[in-house]
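Chemist:
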Amino acid sequence: MTFPLTHFFVHPEKAWHELRDSTDQHPAAYLPFWLLLPLIPAACLFIGTTQVGWRLPGNSETQFLSAASGALLGFWCYVGLVAGIVIIAYLTRWVLFRTEVRPNINHSMGFSTAVALPLMLAGIAALLPSRWLLILAAGAATAYSGWLLFIGLPIYMRLTQRSAAFYAGCILGLGFLALLTTAFGFLEMWGQTMTGTGEYLQE
27 MTFPLTHFFV HPEKAWHELR DSTDQHPAAY LPFWLLLPLI PAACLFIGTT
77 QVGWRLPGNS ETQFLSAASG ALLGFWCYVG LVAGIVIIAY LTRWVLFRTE
127 VRPNINHSMG FSTAVALPLM LAGIAALLPS RWLLILAAGA ATAYSGWLLF
177 IGLPIYMRLT QRSAAFYAGC ILGLGFLALL TTAFGFLEMW GQTMTGTGEY
227 LQE
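Using the numbering used here, you'd call the opening residue of the sequence shown number 27 and step up by one each time.
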């Protein structure tokens with residue numbers, strides 16, 4: 027049972043072929059990566075916001091979150107990524123419902139987990155919670171995830187290049203909206219739990 031993690035950043039087209047063959051033989055090959063990789067941005071976010079801190083424009087004091095609030099933020103980050111991958115998987119199945127190669131949920135989960143790999147690894151940037159670093163990391167990861175989606179859909183789902191481009195555009199647009207909605211929803215949940223509790227610390 028394999029999931030060609032590093033190949034997606036070295037030989038992505040080969041990685042999609044490997045993932046397709048692996049998923050055909052071991053449908054649950056994605057499970058450890060789906061559940062464990064979101065821990066990377068969650069843990070980095072906790073460390074960055076509670077130990078490193080950040081500075082707001084016009085304020086020279088370093089801001090921190092308390093350990094409790096940082097842990098809660100990391101938890102919601104983890105839940106948001108895990109849920110986001112599931113949402114993208116079901117969106118992929120829905121977009122492809124009229125095709126002859128409509129994937130089952132395991133194939134869709136393997137596909138969405140692979141597409142999300144750059145976003146999860148980009149979470150390492152949260153160790154230094156600088157807004158510009160986070161914007162650059164998120165932008166680069168989003169662009170690479172989009173590229174993986176466009177080159178991987180025809181390979182993994184056995185579609186023609188012409189039809190795959192249309193379906194990939196649909197998945198990208200709907201997925202972007204779904205992930206934004208999920209992210210804002212979980213941020214709102216985190217914000218509601220710390221309202222009025224004085225969770226910000228200064229140095």
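No residue lacks a Cβ here, since even glycine has one placed at the ideal position from N, Cα and C.
For Arg-81, name the three-state secondary structure that DSSP assigns.
Modeler: Residue 81 sits at position 55 when you count from the first residue of the sequence shown. Three-state result, Arg-81: strand.
Chemist: Please classify Ala-163: is it buried, with 16 or more other beta-carbons within 10 angstroms of its beta-carbon, or exposed?
Modeler: Taking the sequence shown and counting its residues from 1, the one referred to as residue 163 is at position 137. Buried.
Chemist: Would you check if the distance between the CB atom of Ile-181 and the CB atom of Glu-39 is smaller than 8 Å?
Modeler: Here residue 181 refers to the residue found at position 155 of the sequence shown. Here residue 39 refers to the residue found at position 13 of the sequence shown. The answer is yes: Cβ separation under 8 Å.
Chemist: Let me check understanding here. Comparing Cα to Cα, which of Val-127, Ile-73, Asp-50 and Ala-204 lies closest to Ser-95?
Modeler: Translated into the one-based positions of the sequence shown, residue 95 becomes position 69. With distances taken between Cα atoms, Ser-95 lies closest to Ile-73.
Chemist: Report, in whole angstroms, the separation of the C-beta atoms of Thr-168 and Phe-137, which I expect to be a contact under 8 Å.
Modeler: In the sequence shown, the residue the question calls residue 168 occupies position 142. In the sequence shown, the residue the question calls residue 137 occupies position 111. Going by Cβ atoms, the distance from Thr-168 to Phe-137 rounds to 17 Å, so no, they are not a contact pair.
Chemist: For the alpha helix (DSSP H) that Phe-90 lies in, which residues bound it at each end?
Modeler: Taking the sequence shown and counting its residues from 1, the one referred to as residue 90 is at position 64. Phe-90 -> not in any alpha helix (DSSP H); beta strand (DSSP E) instead, spanning 88 to 91.
Chemist: What separation, rounded to the nearest whole angstrom, lies between the Cα atoms of Ala-194 and Ala-68?
Modeler: For the purposes of this step, residue 194 is taken as the residue at position 168 of the sequence shown. For the purposes of this step, residue 68 is taken as the residue at position 42 of the sequence shown. Taking the straight line joining both Cα atoms gives about 28 Å.
Chemist: Within a Cβ cutoff of 8 Å, which residues of the same chain sit near Leu-147, ignoring the five residues on either side of it in sequence?
Modeler: On the sequence shown, residue 147 is found 121 positions in, with the first residue counted as 1. Cβ neighbours of Leu-147 beyond the five flanking positions: Leu-63, Ile-66 and Ala-167.
Chemist: Measuring only the C-alpha atoms, how far is Leu-160 from Gly-100?
Modeler: Within the sequence shown, residue 160 is the residue found at index 134, counting from 1. Within the sequence shown, residue 100 is the residue found at index 74, counting from 1. Spanning the two alpha carbons is a distance of roughly 15 Å.
Chemist: Should Leu-57 and Ala-140 be called a contact, given that it needs their Cβ atoms to be closer than 8 Å?
Modeler: Working through the sequence shown from its first residue, we reach residue 57 at position 31. Working through the sequence shown from its first residue, we reach residue 140 at position 114. No; because the gap between Cβ atoms is not below 8 Å, this pair is not in contact.
Chemist: Leu-31 and Leu-179 look like a contact to me (Cβ under 8 Å); what is the Cβ gap, rounded to whole Å?
Modeler: Within the sequence shown, the letter at position 5 stands for residue 31. Within the sequence shown, the letter at position 153 stands for residue 179. About 19 Å separates the two Cβ atoms, so there is no contact after all.
Chemist: With a CB to CB cut of under 6 Å and the five nearest residues on each side skipped, what residues in its chain are close to Met-135?
Modeler: Looking up residue 135 in the sequence shown gives position 109. Once the five neighbours on either side are set aside, the close Cβ partners of Met-135 are Tyr-56 and Ala-115.
Chemist: Do you know how far the Cα of Phe-90 is from the Cα of Trp-80?
Modeler: Numbered from its first residue, the sequence shown carries residue 80 at position 54. Numbered from its first residue, the sequence shown carries residue 90 at position 64. Distance between the alpha carbons of Trp-80 and Phe-90 is about 7 Å.
Chemist: Over the uninterrupted alpha helix (DSSP H) stretch that includes Arg-46, give me the two end residues.
Modeler: Taking the sequence shown and counting its residues from 1, one reaches residue 46 at position 20. Counting along the chain, the alpha helix (DSSP H) containing Arg-46 begins and ends at 38 to 51.
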